[in-house]
Amino acid sequence: MDSQIFGRDKEKERLKKIYQGKEAAFLAVYGRRRVGKTFLIKEFFQDKGVFFHLTGLKGEKTSTQLKGFSIELSDVFFQGKKQEIPKSWSDAMTELRYQLEKIPKDQKAILFFDELPWLASPKSGFLEALDHLWNRYLSNMRNMILIVCGSAASWMIRKVIDDRGGLHGRITHQMPLFPFTIAETQGFLEGREIFLSTMQLTELYMAIGGVAKYLTYVEKGRSAAEIINELCFQRGGPLYTEFHRLFRSLFNHYESHIAIVRALSKKRMGLTYREIAQETDLEDGGTLTGRLRELEESGFITSMSIFGKGKKERLFCLIDEYSLFYLTWIEEHSFADLDESNGNFWMRQRETSKWRAWKGFAFERICLKNIKAIKKALGIEEVMTKTSKWMYRPTNKEEKGAEIDWVMERGDGCIHLFEAKYTESDYEIKKEEAQKLREKRNIFKRETKTRKTIFTTFVTPFGVKQNTYFAEGVDQQIILEKLLEVGANAFVTSE
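Residue 5 is where the sequence shown starts when you use this note's numbering, and the numbers rise one by one after that.
So this is what it looks like as structure tokens:
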């Protein structure tokens with residue numbers, strides 16, 4: 005059945021090793037809503053042995069969850085014959101153990117507890133019962149694979165993986181599942197016979213990202229603009245109202261998480277911790293620190309050091325494509341606005357100044373999420389590097405400021421100053437920009453006092469036009485078209 009799983013090659017290989025293992029395995033899978041966690045586990049394991057799959061129900065009482073357990077137990081072990089509903093999770097796990105012990109030792113038994121945070125509600129006793137079942141019995145059964153899964157990544161890490169209580173040290177394998185990269189997205193779509201050009205793929209990815217469920221909405225024979233318009237700007241479009249549902253499903257205090265994401269969506273360079281506290285009015289302390297950690301663990305934001313600063317001073321950046329797109333475009337428009345556009349809202353936004361600003365922001369974020377691929381493109385995948393942000397704010401009216409999209413410091417005495425430029429043809433450097441690039445480099449050298457070799461490195465869809473100013477402005481360039489080949493095999497040119 006795993007032949008139906010597009011992409012996820014590394015994950016499938018890990019699952020294969022777990023399945024072929026000679027010892028009991030306890031796997032924790034986590035990742036944001038709709039990235040394909042449940043599909044991956046079901047498609048890989050459901051025909052490889054006795055497969056018991058229980059999904060938690062959000063907000064339901066323990067008695068309701070236990071009823072669901074009873075039904076699954078009946079279907080898997082009693083040919084659908086109705087069984088008595090357990091009175092507690094301890095009773096439920098005891099009955100489950102009795103049935104598992106009847107399975108021949110040469111046959112795999114897979115227990116899959118999905119949406120674990122909803123099963124293990126406060127005072128339910130689920131985690132304690134599961135810990136006892138695993139530690140006392142299942143860990144000694146070599147044919148046993150226990151899988152727990154949850155969309156609330158921060159909860160899974162805190163309560164399961166890093167737990168200092170009953171589950172401490174029990175997990176034998178963990179598998180974070182993230183949205184597809186742009187190269188993986190291309191492979192996923194092509195696996196469904198949907199072939200898009202580099203520019204069409206990039207525009208689509210900048211709007212909805214690599215979330216597996218969102219990509220299943222993409223229809224063959226449609227342009228990126230048509231797809232975005234139908235998914236995001238139509239009555240009934242699945243992504244028009246997805247944003248708040250997404251955050252509600254992941255975080256208990258989702259309003260504050262949205263406030264942070266909203267603040268970051270307005271700042272391409274990112275915000276410091278103190279700036280976020282000021283922008284959101286969230287308490288500077290445990291509350292804000294916790295919310296930022298949860299957003300980062302769930303893949304919505306990333307924190308980057310500031311070049312030349314200490315470890316404590318960092319910039320937080322929004323890297324989730326759909327969140328940026330929603331807050332930039334979808335949120336402010338009502339159904340009445342969309343109706344007035346006669347179903348062509350997104351087509352009408354193209355080439356506006358707002359559209360150009362958004363695509364520049366979104367393209368830079370794609371690059372930041374593909375640093376490993378960029379290193380490979382530069383031929384330095386074996387070199388130690390540190391990626392950071394950098395900016396200089398002038399101290400008087402005579403000085404000029406500077407911002408670098410991102411900086412990559414290498415362990416071999418070199419530094420890359422990156423410029424991400426999204427254009428639909430060759431990017432052309434003109435006289436004024438060539439001068440600004442020189443000024444940026446000079447300000448960076450002056451203010452950081454670095455003695456390392458500096459390369460100005462461009463990342464563009466089609467490359468930089470080799471005109472009079474190319475040689476003085478570009479040391480290296482990475483072309484997105486080639487970056488997509490073989491997952492991340494990029495093509496690098498130099499002057």
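All C-beta atoms in this analysis are idealised placements derived from N, C-alpha and C, irrespective of residue type, glycine included.
| query | Where are the beta strand (DSSP E) runs, 3 residues long or more, that stay fully inside the segment 19–106, in chain order? | reply | Whole beta strand (DSSP E) segments, 3+ residues: 29–34 and 54–59.
| message | Under DSSP, the beta strand (DSSP E) around Lys393 begins and ends at which residues? | response | Run containing Lys393: Thr389 to Tyr396, per the beta strand (DSSP E) assignment.
| In three-state terms, what does DSSP make of His420? | Three-state DSSP puts His420 in a strand.
| Does the pairing of the segment 272–279 with the segment 350–360 give three or more beta-carbon distances under 8 Å? | Counting C-beta pairs closer than 8 Å gives fewer than three between the segment 272–279 and the segment 350–360, which falls short of the contact rule.
| request: Determine, using beta carbons only, whether Ile186 and Ile370 come nearer to each other than 7 Å. | output: For Ile186 and Ile370, yes; Cβs fall inside 7 Å.
| message | Here's the rule: buried if 16 or more other CB atoms are within 10 angstroms of the residue's CB, otherwise exposed. What is Thr472? | response | Exposed: under 16 other Cβ atoms inside 10 Å.
| If you draw a straight line from the C-alpha of Thr59 to the C-alpha of Asn139, how long is it? | Those two C-alpha atoms are separated by around 22 Å.
| Out of Glu451, Phe466 and Asn446, which has the shortest C-alpha to C-alpha gap to Gly477? | Ranked by Cα distance from Gly477, the first of Glu451, Phe466 and Asn446 is Asn446.
| request: Can you tell me which of Leu331, Arg266 and Leu372 puts its alpha carbon nearest to the alpha carbon of Ala211? | output: Looking at the Cα atoms, Leu331 is the closest of the given residues.
| query | DSSP state of His177, grouped into three classes? | reply | Note: His177 maps to strand in three-state DSSP.
| field | Simplified DSSP state of Tyr330, which is helix, strand or coil | value | Three-state result, Tyr330: helix.
| request: Can you give me the Cβ contacts of Asp409 inside the same chain, cut-off strictly under 7 Å, excluding the 5 residues immediately before and after it? | output: Take Asp409, set aside five residues on each side of it, and the residues of its chain with a beta-carbon closer than 7 Å to its own are Glu368, Phe422, Glu423 and Ala424, in chain order.
| request: With a threshold of 16 other CB atoms inside 10 Å of the CB of Asp118, please say whether the residue is buried or exposed. | output: A residue is called buried when at least 16 other Cβ atoms come within 10 angstroms of its Cβ; Asp118 meets this threshold and is buried.
| request: Throw me the rounded Cβ distance for the Thr461 and Gln480 pair, which I believe falls under 8 Å. | output: That belief holds up - the Cβ atoms of Thr461 and Gln480 are roughly 5 Å apart, short of 8 Å.
| task | Quick one: residues in its chain with C-beta nearer than 7 Å to the C-beta of Glu300, no 5 flanking neighbours on either side, listed in chain order? | result | Taken in chain order, the residues that qualify are Thr306 and Ser307.
| query | Apart from the five residues just before and just after Gln353, which ones in its own chain have a Cβ nearer than 8 Å to its Cβ? | reply | These residues qualify, in order along the chain: Trp333 and Trp359.
| field | Endpoints, the alpha helix (DSSP H) within which Thr291 is located | value | That run of the alpha helix (DSSP H) goes Gly290 to Glu301.
| Are the CB atoms of Ile9 and Glu47 nearer to each other than 7 Å? | Going by beta carbons, Ile9 and Glu47 fall inside the 7 Å limit.
| task | Look up Ala267 in the DSSP assignment and say whether it is helix, strand or coil. | result | Correct three-state label for Ala267: helix.
| message | If you follow the alpha helix (DSSP H) that Ser158 is in, where does it begin and where does it stop? | response | Ala157 to Met160 is the span of the alpha helix (DSSP H), which, as asked, contains Ser158.
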